[in-house]
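These notes are about the structure you will find just below.
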Amino acid sequence: MRAVAVYPGKANSVHLAEMAKPSVTDAPDGRGVLVRVLSVGVDGTDKEINAAEYGAAPDGFNFLVVGHESFGQVEEVGPNVTELAPGDYVVAMVRRPGFSIYDQIGLQDMTTDDTYFERGINLRHGYLAEYYADAADYLIKIPGGLKHVGVLLEPMTVVEKGIAQAYEIQRRLKVWRPRKAAVMGAGTIGLLAALVLRLRGLEVTVFSRDRKPNRNAELIEMTGAKYVSVQDTTILDGARQYGPFDLIFEATGFSPVVFEGMQALAKNGVLVLSSITGGDRKVEIPADRINLDFVLGNKVMVGTVNAARENFEEGVRDMAMAEAQYSGWLSRLLTHPIKGLENYEILFQALLNGNGAIKVYCEVADVA
Ligand code: BGC
Ligand code: ZN
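Residue numbers (the working numbering): 41 to 408.
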């Protein structure tokens, strides 16, 4: 079968690879599932992998099949799979267990190991291929009514985990009643964070660079959230006008924003950090002031990466809620469909150009 792969360590090496079709017997204990891939999204991580800044091939291979945002249809199941059947739509989780105690209880997203096993990213082949096989334990069933937006589930889970972590942490307060939230960044993750926080009933302000009017601002306002361009209003002024914020979700990819977020946070508030910033940026900050307010205000800051099974399941429910409440909204994120694995160059070009893209994805096969 055909797959889209890179040679890790070699920049711009994305190419079409030929490999054996996987089989249900690839997973142990009769728990294997063979999935026909329908669509696969790409994001900043894929960009970094193709730039040879990140990523590693599985043992015994000199290439890595990319793609971690999957959506597909079950073709065949092993004898001990009862929860899925041929024809079901599924999305696969990304990280696989390593060795820490968290990995052993299914929370590999919380691993303390230094090595991650992530399909399409590090040491495990991804999903940008005609087929993949995996144990049923790592697959999440998608109701047919969401098949047109299923490819958005993996990015959605990054948001779900961050917000679930915030609520879990805030149980320390016994009566936490968050009213105001801020989202930093209006990219795919920022948009989905605004959506999920609106579905939780919070007043949401999204801070982003570009001035209105623009499509992302429009989408944000469709959810009832407010959009603020930092070219007109700084985060700190915005916090004075629309905050203080009980919950802040940072998703700009620009680390200096973190320290402004710390200052925009309400007493007892929680700041969730999700940007993966590989650089080496340095900034000057009002350290005493930030520290003092954090201490006197009992504030929390938490980093979040990847997602656990329950975050995928919550993501499915929120996508269904979104379709019910903001009908058609999710589909509007699917801005750049690229048809066919053979068009991998156009796919990565669209990812690189970025202009106007919310979600760039490959339509590997027609969604039946
Ligand atoms: C993926 C996560 C992954 C992270 C770090 C993100 O792009 O969505 O699943 O854990 O990269 O590799
Ligand atoms: Zn990703």
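Think of the CB as a built atom: it goes at the ideal place given N, C-alpha and C, for glycine as much as any other residue.
Q.
Is it the case that the segment 46-54 contacts the segment 86-102, given that we only count it when at least three CB pairs across the two stretches are under 8 Å?
A. Contact holds: three or more Cβ-Cβ distances are below 8 Å.
Q | Opening and closing residue of the alpha helix (DSSP H) in which Lys87 lies | A | 84-90 is the extent of the alpha helix (DSSP H) around Lys87.
Q | Start-to-end residues for the beta strand (DSSP E) that takes in Ala257 | A | Note, Ala257: premise wrong, no beta strand (DSSP E); alpha helix (DSSP H) at 255-262.
Q | Counted within 10 angstroms of its Cβ, other Cβ atoms place Asp320 as buried (16 or more) or exposed | A | Classification for Asp320: exposed.
Q.
Going by DSSP in three states, Pro377 sits in which element: helix, strand or coil?
A. DSSP places Pro377 in strand when its eight states are reduced to three.
Q. So what does DSSP say about Ser110, is it helix, strand or coil?
A. Ser110 carries a strand assignment under DSSP once its states are collapsed to helix, strand and coil.
Q) Say the cut is 6 Å; is the CB of Thr85 nearer than that to a heavy atom of ligand 2? A) At least one heavy atom of ligand 2 is nearer than 6 Å to the Cβ of Thr85, so yes.
Q. So, are the CB atoms of Val134 and Arg159 less than 7 Å apart?
A. Their beta carbons are under 7 Å apart, which means Val134 touches Arg159 by this criterion.
Q.
What I want to know is whether the C-beta of Ile161 ends up closer than 6 Å to one or more non-hydrogen atoms of ligand 1.
A. Ile161: yes, Cβ under 6 Å from ligand 1.
Q | For Met359 and Val404, the rounded distance between their alpha carbons | A | In this model, Val404 and Met359 are separated by some 22 Å (Cα to Cα).
Q | Limits of the alpha helix (DSSP H) - the one that Gly309 falls within | A | It is not in any alpha helix (DSSP H) - Gly309 instead sits in the beta strand (DSSP E) that spans 305-313.
Q) Between Pro98 and Val114, is the Cβ-Cβ spacing less than 7 Å? A) Val114 sits away from Pro98, with the two beta carbons spaced by 7 Å or more.
Q | Inter-residue Cα distance where the pair is Val342 and Asp143 | A | Cα to Cα, the separation comes out at about 20 Å.
Q: With distances taken Cα to Cα, identify the nearest neighbour of Lys198 among Val80, Val407, Thr228, Ala364.
A: Residue identity check: residue 198 is Val in the sequence provided, not Lys. The candidate whose alpha carbon is nearest that of Val198 is Thr228.
(Q) So Leu311 and Glu290 are supposed to be a Cβ contact under 8 Å. How far apart are they, rounded? (A) Taking the Cβ atoms as the reference, Leu311 lies roughly 7 Å from Glu290, within the contact range of under 8 Å.
**Q.** Residues near Leu56 in its chain [Cβ-Cβ closer than 7 Å; skip 5 each side]
**A.** For Leu56, same chain residues with a beta-carbon under 7 Å away, outside a window of 5 residues either side, are Arg42, Val44, Leu381, Glu382, Tyr384 in chain order.
Q | Where Asp328 falls, given that 16 or more other Cβ within 10 Å makes a residue buried | A | If you draw a 10 Å sphere on the C-beta of Asp328, you find fewer than 16 other C-beta atoms in it, and that means exposed.
Q) From Val354 to Glu200, what distance separates their C-alpha atoms? A) The question names Val, but residue 354 in the sequence shown is Glu. Distance between the alpha carbons of Glu354 and Glu200: 7 Å.
Q. Which residue comes first and which comes last in the beta strand (DSSP E) that contains Met341?
A. Here the beta strand (DSSP E) through Met341 covers 340-343.
Q: Would you tell me roughly how many angstroms separate the C-alpha atoms of Asp153 and Gly138, rounded to the nearest one?
A: Cα-Cα distance, rounded: 7 Å.
Q: Could you tell me whether the segment 237-256 touches the segment 285-302, where touching means 3 or more Cβ pairs closer than 8 Å?
A: The segment 237-256 vs the segment 285-302: in contact.
Q) Can you list the beta strand (DSSP E) stretches of 3 or more residues lying completely in the segment 116-200, in chain order? A) Counting only runs that start and end inside the segment 116-200, the beta strand (DSSP E) elements of at least 3 residues fall at 129-132, 157-159, 171-175, 179-182.
Q) At a cut-off of 6 Å, is Asn120 close to ligand 1 when judged by its beta-carbon and the heavy atoms of the ligand? A) Incorrect: Asn120 has no Cβ contact closer than 6 Å to ligand 1.
Q.
Could you check whether Thr344 and Gln210 sit closer than 7 Å to each other, using their CB atoms as the reference points?
A. Not in contact: Gln210 and Thr344 (Cβ atoms no closer than 7 Å).
(Q) Please report the distance separating the alpha-carbon of Asp66 from that of Pro296. (A) Annotation: Asp66 to Pro296 spans about 45 Å, alpha carbon to alpha carbon.
Q) What residues in its chain sit with their C-beta under 6 Å from that of Gly107, if we drop five residues either side in the sequence? A) Hits under 6 Å: Val80, Gly160, Gly166, Tyr167, Leu168.
Q. Can you tell me where the beta strand (DSSP E) with Phe285 in it begins and where it stops?
A. 285-290 is the extent of the beta strand (DSSP E) around Phe285.
Q) Distance, Cα to Cα, Leu242 vs Gly278? A) Near 16 Å, if we compare the C-alpha coordinates of Gly278 and Leu242.
(Q) At a cut-off of 6 Å, would you count Asn346 as near ligand 1, judging by its Cβ distance to the nearest heavy atom? (A) Yes, the beta carbon of Asn346 sits closer than 6 Å to at least one heavy atom of ligand 1.
Q) Hey, is the segment 177-190 in contact with the segment 208-222, meaning 3+ C-beta pairs nearer than 8 Å? A) The segment 177-190 makes no contact with the segment 208-222, as fewer than three CB pairs between them are under 8 Å.
Q. What do you reckon, is the C-beta of Val134 under 6 Å from a heavy atom of ligand 1?
A. Yes; taking the cut-off as 6 Å, the Cβ of Val134 has a heavy atom of ligand 1 nearer than that.
Q. Exposed or buried, Ser314, counting other C-beta atoms within 10 Å across all chains shown (16 or more means buried)?
A. Ser314 should be labelled buried.
Q: List the DSSP bridge partners of Leu104.
A: The partner list for Leu104 (beta bridge, DSSP) reads Val46.
**Q.** Inter-residue Cα distance where the pair is Gly112 and Tyr129
**A.** Straight-line Cα distance between these residues: approximately 6 Å.
Q. Alpha carbon to alpha carbon, what distance is there between Cys402 and Arg240?
A. Per the coordinates, the alpha-carbon of Arg240 lies some 31 Å from the alpha-carbon of Cys402.
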